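In UniProt numbering, the protein residues as written are 1 to 466.
Note that CB positions come from ideal geometry on N, CA and C, so glycine has one too.
Bear in mind that the values here come from a model prediction, so they are computed numbers and not experimental data.
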């Protein structure tokens with residue numbers, strides 16, 4: 001049977017490891033929950049920032065391209081107006097001024113197209129190239145008209161306006177509207193990308209929120225179950241404390257009863273044995289005083305001597321039972337062997353003692369504990385176990401001093417049957433920091449074992465004494 005104290009220590013160790021593992025797992029779970037919340041907050045901030053930046057960039061680019069197209073359309077209208085005025089102008093100075101303005105408009109148009117090309121998305125490349133080609137062709141077709149004199153301008157103004165200026169303006173405006181439509185389509189595509197980012201963000205928020213919710217529910221469930229388990233364990237500990245308190249009260253009562261019983265036994269022994277022997281001695285002494293026959297006196301003296309020796313022997317036996325002097329004078333092994341012989345002499349129980357020879361440097365508390373445990377165990381064997389043979393083994397090793405008492409008696413259930421003797425032995429052993437165990441079952445005999453801690457010392461040879 002396992003040692004109860006060792007079993008309790010193992011349970012405490014397992015419980016401590018379990019609590020440590022549980023606390024670590026709970027800490028990891030809460031840390032994971034916090035990380036999920038931090039990750040969700042960081043992702044929300046990052047995603048919203050990306051959406052804001054993308055929206056601002058898309059809006060600014062669209063506004064910039066729209067402004068350039070508006071500027072280009074304004075330049076086209078202005079070019080058509082100046083060309084018309086130039087063709088119809090009769091004043092040479094004004095015509096030169098209008099020609100100079102046309103050159104400025106040409107330069108400004110080219111710059112506008114260059115700036116727009118830098119902001120040009122790939123989807124508008126073909127339409128932009130076509131627009132620039134029309135603008136270049138228009139300026140090439142306008143070059144000869146800029147060299148005309150007033151008479152030639154007046155004669156060709158109408159046809160030039162109808163054949164060149166108006167078609168060019170119509171084509172350029174159609175191209176700018178086409179580019180505007182493409183620009184709006186790109187804007188829609190950009191907004192779609194932004195909506196995709198927002199949709200992805202919403203999905204991540206849902207996933208992280210559900211994960212955090214599930215983890216939080218799991219942690220809450222585990223925490224509630226753990227609290228309930230702790231409450232149950234606390235209730236069990238409280239019940240154990242109450243049971244221990246009641247047991248202590250019972251033990252106190254039983255201890256008082258045991259003390260009274262011991263005193264009663266001592267009183268009875270003194271009265272029945274010593275008292276009767278001393279009374280017999282007094283009677284014999286009285287007879288000796290009145291006896292005139294010398295031969296009778298000698299017999300009376302022998303009888304008185306025998307009674308005195310018997311009284312001395314009874315007193316010595318009682319003293320040895322209370323505290324054997326040989327435990328102090330001759331040592332633990334000798335006292336144990338004497339105890340074994342006395343048990344065999346009184347009860348006929350065969351006791352085999354196996355003990356280390358060199359165990360005499362033990363502290364007095366250890367020697368007393370071992371002696372009392374063996375004494376009580378042998379007493380139980382003769383009184384309760386109905387055993388015929390008992391084996392007592394006392395050994396000393398690196399772990400400490402071990403004592404084993406094994407009998408072939410009727411056995412018992414140590415969980416249900418535990419008297420004052422066993423409780424006293426267990427208390428003695430635990431006071432010295434030792435371990436106490438009983439392995440027994442009905443009909444199987446019993447094995448009592450104790451282990452007392454000692455400083456590390458070398459092992460010694462073992463001898464067996466019948």
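Q) What residue from 93, 422, 77, 235 has the CA that sits closest to residue 106's CA? A) Ranking the options by Cα distance to residue 106, first place goes to 77.
Q | Buried/exposed call for residue 435, threshold 16 Cβ in 10 Å | A | Under this definition residue 435 is a buried residue.
Q) Which same chain residues, not among the five before or five after residue 433, have their C-beta less than 6 Å away from its C-beta? A) Apart from the 5 residues on each side of it in sequence, residue 433 sits with its Cβ closer than 6 Å to the Cβ of 453 in its chain, given in chain order.
Q.
Between 168, 350, 406, 64, which has its C-alpha nearest residue 449's C-alpha?
A. The option with the nearest alpha carbon to residue 449 is 406.
(Q) In this structure, how does DSSP classify residue 440 when only helix, strand and coil are distinguished? (A) In this structure, residue 440 counts as strand in the three-state DSSP scheme.
(Q) By the three-class DSSP mapping on this structure, what secondary structure does residue 352 have? (A) Strand.
Q. Does the Cβ-Cβ distance between residue 375 and residue 451 come in under 9 Å?
A. Going by C-beta atoms, residue 375 is not nearer than 9 Å to residue 451.
Q | Separation of residue 70 from residue 113, as counted between CA atoms | A | Just so you know, the alpha carbons of residue 113 and residue 70 end up roughly 12 Å apart.
Q) Taking buried to mean at least 16 other C-beta atoms within 10 Å of its own C-beta, is residue 328 buried or exposed? A) Here residue 328 is exposed. Its C-beta has fewer than 16 other C-beta atoms within 10 Å.
Q | CB of residue 386 within 9 Å of CB of residue 351, strictly | A | A distance of 9 Å or more separates the beta carbons of residue 386 and residue 351.
Q: Identify whether residue 432 lies in helix, strand or coil by the three-state DSSP scheme.
A: The three-state secondary structure of residue 432, taken from DSSP, is coil.
Q | Opening and closing residue of the alpha helix (DSSP H) in which residue 374 lies | A | For residue 374, the enclosing alpha helix (DSSP H) has its first and last residue at 364–380.
Q.
Can you tell me where the beta strand (DSSP E) holding residue 402 begins and where it ends?
A. Looking at the DSSP string, the run of the beta strand (DSSP E) that includes residue 402 is 400–407.
Q) Rounded to whole angstroms, how far is the Cβ of residue 29 from the Cβ of residue 215, which I believe are closer than 8 Å? A) That belief holds up - the Cβ atoms of residue 29 and residue 215 are roughly 7 Å apart, short of 8 Å.
Q: Pull up the DSSP beta-bridge partners for residue 389, would you.
A: According to DSSP, which records beta bridges pairwise, residue 389 is partnered with 350.
Q: Return helix, strand or coil for residue 173, following the three-state DSSP convention.
A: It is helical.
Q: Tell me whether residue 92 is buried or exposed, calling it buried when 16 or more other Cβ atoms sit within 10 Å of its Cβ.
A: When all chains shown are included, residue 92 counts as exposed.
Q. Mapping DSSP to helix, strand and coil, what is residue 188?
A. Collapsing the DSSP output to three states places residue 188 in a helix.
Q | Classification of residue 440 by the beta-carbon crowding that lies within 10 angstroms, buried from 16 upward | A | With 16 or more other Cβ atoms inside 10 Å of its own Cβ, residue 440 counts as buried.
Q.
Suppose you measure from the CA of residue 116 to the CA of residue 178; what does that come to, to the nearest Å?
A. Distance between the alpha carbons of residue 116 and residue 178: 15 Å.
(Q) Using 9 Å as the threshold, is the C-beta distance between residue 402 and residue 393 below it? (A) Cβ distance < 9 Å, so residue 402 and residue 393 count as in contact.
Q. Straight-line CA distance for residue 304 to residue 315?
A. So the alpha carbons of these two residues sit roughly 16 Å apart.
**Q.** Sequence-distant residues of the same chain with beta carbon closer than 8 Å to residue 142, five excluded per side
**A.** For residue 142, where only same-chain residues beyond five positions count, the Cβ hits under 8 Å are 83, 102, 164.
Q) CA-CA distance, residue 239 and residue 377? A) Approximately 31 Å between the Cα atoms of the pair.
Q: State the start and end residues of the unbroken beta strand (DSSP E) segment that holds residue 448.
A: Where residue 448 is concerned, the enclosing beta strand (DSSP E) stretches over 446–452.
Q. What residue does the alpha helix (DSSP H) around residue 137 start on, and which one ends it?
A. 125–142 is the extent of the alpha helix (DSSP H) around residue 137.
Q) When the Cα atoms are used, what is the spatial distance from residue 437 to residue 257? A) Rounded to the nearest whole angstrom, the CA to CA distance from residue 437 to residue 257 is 25 Å.
**Q.** Three-pair Cβ contact test at 8 Å for the segment 48–56 versus the segment 185–204
**A.** Enough Cβ pairs lie closer than 8 Å, so yes.
Q) If you count every other CB in all the chains shown that lies within 10 Å of the CB of residue 248, and 16 or more means buried, which is it? A) So residue 248 counts as exposed.
(Q) Taking a contact to mean a Cβ-Cβ separation below 9 Å, would you say residue 355 touches residue 336 in this structure? (A) Yes; because the gap between Cβ atoms is below 9 Å, this pair is in contact.
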